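Below: the structure, in structure tokens.
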Amino acid sequence: MLTSKSSRPTPERLLDAAEKLMRTSGLANATTKAIAREAGCSEAALYKYFANKEELFVRVLMERTPNAGPLMAALRTGPGEEGEGRDDGDERAEGGAEGVEAGLTAIARHASLFYADAMPLAASLFAEPTLLTRHREGVQEIGAGPHLVLDALAGRLRRELEAGRLRPDADPRAAAALLLGACFQRAFFLHFSGAHVVQPVEEFAPAVARTVWAAIR
1 MLTSKSSRPT PERLLDAAEK LMRTSGLANA TTKAIAREAG CSEAALYKYF
51 ANKEELFVRV LMERTPNAGP LMAALRTGPG EEGEGRDDGD ERAEGGAEGV
101 EAGLTAIARH ASLFYADAMP LAASLFAEPT LLTRHREGVQ EIGAGPHLVL
151 DALAGRLRRE LEAGRLRPDA DPRAAAALLL GACFQRAFFL HFSGAHVVQP
201 VEEFAPAVAR TVWAAIR
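Note that the UniProt record's numbering gives residue 56 to position 56 of the sequence shown, counting from 1, and the numbers run on in steps of one.
Structure representation (structure tokens):
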């Protein structure tokens, strides 16, 4: 008979177990049966709270990695909101422009750290094509996926374009892809080659944001 390992609610125990196994054994080996066993409950109980293993993976990413929440908050916030209520015309526009670059810097910093934390969790998927396909379908089933970060940043930049803070011919989605792609590449180099081949994130983030902003402002 399975017994509870702690007084924590079952969903939290399942997330604890999923995070532990995904970090130590890899996503491919973190089966729902193993997660339930680690949490001290039945596999049926797992499916009472989570649609599939992919939902557990997404929840671990978004709730158990330190930069996921700040990244999503930075993607939602726009300098246009910060400047509301001011009447000083040009000064407001300039402040808005500076705010866009500062916002992009925050996004680049959080995205770099988030990708660095997330990459080892998902890496084992790519060794098994069948598992990768199943994971992709499971993530789509719950309406999630890594493309949502790109969609959110492209949407934010599109609003800046509509506010007149971007060049009329700027492509918000391409700019978002350039910034996030650089952050993802930094995470790959960090894990593959080591910290000595990448800039410290506090130098990298403003440099990438400044370069992207200079191209589209």
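For glycine and all other residues, C-beta sits at the position ideal for the given N, C-alpha and C. Here the structure is a predicted model, which is why all the values come from computation and not from measurement.
In the DSSP assignment, P206 falls within the unbroken alpha helix (DSSP H) covering V201 to I216. For secondary structure counted as the beta strand (DSSP E) over 3 or more consecutive residues, the region 153 to 188 holds no complete run.
Leaving aside the five residues that flank A205 on each side, the residues in its chain whose CB is nearer than 7 Å to its CB run, in chain order, T105, A108, R109 and S112. Residue environment analysis places Y115 among the buried positions, since at least 16 neighbouring C-beta atoms fall within 10 angstroms of its C-beta. DSSP places T65 outside any alpha helix (DSSP H), giving it a letter other than H or E. Contact between the region 154 to 169 and the region 181 to 188 is absent: fewer than three C-beta pairs spanning the two stretches fall below 8 Å. The beta carbon of A177 sits closer than 7 Å to those of L150, all from its chain and outside the five residues before and after it, given in chain order.
Around the C-beta of K53, 16 or more other C-beta atoms lie within 10 Å, and the residue is accordingly described as buried. In this structure, A102 is the residue among V201, A102 and G138 with its C-alpha nearest to the C-alpha of W213.
One Cα belongs to L75, the other to R156, and the distance between them is close to 7 Å. Rounded to the nearest whole angstrom, the C-alpha separation of L131 and K33 is 16 Å. Residue environment analysis places N29 among the exposed positions, since fewer than 16 neighbouring C-beta atoms fall within 10 angstroms of its C-beta.
Residue state for A144 is assigned as coil, using DSSP reduced to three classes.
In this structure, the beta-carbon distance from D117 to N67 falls below 9 Å. Our two residues, T31 and H135, have alpha carbons roughly 12 Å apart in a direct line. Bounds of the alpha helix (DSSP H) holding E38 are T32 to A39.
For the options A18, A51, F57 and Y49, the alpha carbon positioned closest to that of R37 is the one of A18. Assigned with DSSP and collapsed to three states, G26 falls in coil, not helix or strand. In this structure, L121 places its C-beta atom within 9 Å of the C-beta atom of L61. Only residues of its own chain outside the window of five on either side were considered, and among them Y49 have a CB closer than 7 Å to the CB of P11, listed in chain order. Boundaries of the alpha helix (DSSP H) harbouring L46: E43 to Y49, taken from the DSSP string. In chain order, F189 place their CB closer than 7 Å to the CB of V197, counting only its own chain and leaving out the 5 sequence neighbours on each side. A187 has its alpha-carbon roughly 24 Å from the corresponding atom of Q140.
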